[in-house]
Amino acid sequence: MKPAILVARAIFPDILTYLSAHFEVESNQDDVVFSPEELMQRLKGKVGALTTSSARISRELLQQLPDLKMVANMAVGYDNFDLAAMTECGVLASNTPDVLNETTADFGWALMMAAARRITESEHWLRDGQWNKWRYDYFLGADLHGSTLGIIGMGRIGQAIARRSTGFNMRVIYHNRSRLSPEQEAYANNAQYASKEEVLRQADHLMLILPYSAASHHTIGAAELAMMKPTATLINLARGGIVDDVALIAALRDKRIAAAGLDVFENEPKFHPDFLSLSNVVLTPHIASASEATRRAMAKCAADNLIAGLSGQTPPNLLKLF
Ligand code: 8YV
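The structure is reproduced here in structure tokens:
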């Protein structure tokens, strides 16, 4: 008998076949996310699981699952894991770092450019049949070239975003838990380390790509938004919860900042309905890593971690408590 695992979200069929060589696989090939209760029921008797960031692996869940040995997240972020509880319960955890850096950085730029140059807003206008008039000041946006890019969270994705700014002749300032090495700063378009407040004050375009935790909850709230330039754009590629969405809605509505591009939301897949009434925000449904090649690489990476961890080896991307 092969060990039983659950693949909790739909995944590429060939990755399921790959996993089936090692495990008895139960999978969710629907586009519906399991409720916490259903996740718990389905995990009963399973030794492993492949999940995404929507599956909360909590202490309460683990206490009811004595057979569980490992959960592999198909995501670099793992704020859905209670890592302390997993460690105490002897449940291995892994994520999928690096394979999504470049694709996520590409998407950060797409959102930044769309927000700064009002691409979705102007497309809606065109689709609405309103292009029978013209004024010199229709859809004036903010330049990217020659501007200052502020990045909060200068990990591997942040550095890949900064790297891309060389072609736009941008200055990069960043804030991070720790300062990068001189080599990393050079790689990231000679990014300059600054306090969070300085980044907020100086950025023409602000990119948020830091991990979510209790400590980073509402890194951007009303006070931080008030420090930003009224012409600035804000891009959140990281997690909902990094930004106080209610404060952001107020700032966008009052034009205290110019625009935002959001791929993540507090309480997603639900999101604050007031975003829909704002024209100066570009909204996407958490798709920054969604290129064919990258989602495949993430799925394969998660599968390989699970195979290693459940066969007594150290998973290549084992997560540890610091
Ligand atoms: C995933 C992500 O698409 O890697 C992450 O942390 O948020 C995204 O790349 C999402 O979590 C689904 O796995």
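Per the working numbering, the very first residue in the sequence shown carries number 332; after that it's consecutive.
We put the beta carbon where it would ideally sit given N, CA and C, even for glycine.
Taking residue i as the reference, give the member of the options with the closest Cα.
i           : options            : result
residue 544 : 411, 374, 347      : 411
residue 639 : 380, 564, 387, 476 : 380
residue 552 : 561, 373, 572, 497 : 572
residue 502 : 464, 478, 450, 385 : 478
residue 608 : 509, 408, 585      : 585
residue 564 : 489, 377, 445      : 445
residue 426 : 419, 548, 403, 414 : 403
residue 423 : 378, 437, 372      : 378
residue 592 : 533, 493, 439, 372 : 439
residue 581 : 567, 606, 485      : 606
Decide if residue i is buried, meaning its Cβ has at least 16 other Cβ atoms within 10 Å, or exposed.
i           : result
residue 455 : exposed
residue 462 : exposed
residue 626 : buried
residue 601 : exposed
residue 395 : exposed
residue 469 : exposed
residue 340 : buried
residue 651 : exposed
residue 508 : exposed
residue 285 : Residue numbering for the chain in the displayed model covers 332 to 653; residue 285 lies beyond these limits and cannot be assessed.
residue 354 : buried
residue 613 : buried
residue 530 : buried
residue 550 : buried
residue 413 : buried
residue 362 : exposed
residue 598 : exposed
residue 490 : buried
Output the distance between the C-alpha atoms of residue i and residue j, rounded to the nearest integer angstrom.
i           : j           : result
residue 604 : residue 333 : 46 Å
residue 432 : residue 574 : 21 Å
residue 594 : residue 375 : 33 Å
residue 525 : residue 629 : 32 Å
residue 465 : residue 459 : 15 Å
residue 528 : residue 555 : 8 Å
residue 621 : residue 615 : 11 Å
residue 360 : residue 342 : 7 Å
residue 635 : residue 409 : 17 Å
residue 344 : residue 337 : 14 Å
residue 637 : residue 382 : 11 Å
residue 386 : residue 419 : 19 Å
residue 450 : residue 590 : 11 Å
residue 471 : residue 448 : 7 Å
residue 537 : residue 482 : 6 Å
residue 357 : residue 335 : 8 Å
residue 398 : residue 407 : 25 Å
residue 619 : residue 352 : 31 Å
residue 443 : residue 435 : 12 Å
residue 643 : residue 388 : 22 Å
residue 647 : residue 453 : 45 Å
residue 653 : residue 457 : 52 Å
residue 623 : residue 364 : 21 Å
residue 617 : residue 611 : 18 Å
residue 480 : residue 346 : 38 Å
residue 495 : residue 372 : 45 Å
residue 497 : residue 349 : 40 Å
Quick one: does the C-beta of residue i sit closer than 8 Å to a heavy atom of the ligand COA?
i           : result
residue 356 : Looking for the ligand COA in the displayed structure turns up nothing; the ligands present are the ligand 8YV.
Residues in its own chain within less than 6 Å of residue i by CB, not counting five upstream and five downstream?
i           : result
residue 654 : It is not possible to answer for residue 654, since the shown part of the chain is limited to 332 through 653.
residue 569 : 539, 540, 541
residue 559 : 531, 588
Using a Cβ-Cβ cut-off of 7 Å (strictly less than) and excluding sequence neighbours within five positions of residue i, which residues of its own chain qualify?
i           : result
residue 430 : 625, 628, 629, 632
residue 516 : 522
residue 547 : 541, 573
residue 473 : 447, 535, 562, 564, 589
residue 506 : 483, 525, 526, 527, 530
Within its chain, find whatever has a CB closer than 8 Å to the CB of residue i; leave out the 5 residues flanking it on each side and keep chain order.
i           : result
residue 476 : 499, 500, 501
residue 487 : 428, 429, 432
* Asked: Can you list the beta strand (DSSP E) stretches of 3 or more residues lying completely in the region 455–490, in chain order?
  -> If we require 3 residues or more, the beta strand (DSSP E) runs fully inside the region 455–490 come out as 479–483.
* **beta strand (DSSP E) runs contained entirely in the region 533–562, provided each spans 3 or more residues** => 536–539
* To do: List in chain order: all unbroken beta strand (DSSP E) runs of 3+ residues lying wholly within the region 587–618.
  => 590–593, 612–614
* Those runs of the alpha helix (DSSP H) which lie wholly inside the region 375–432 and span at least 4 residues -> 390–394, 414–419
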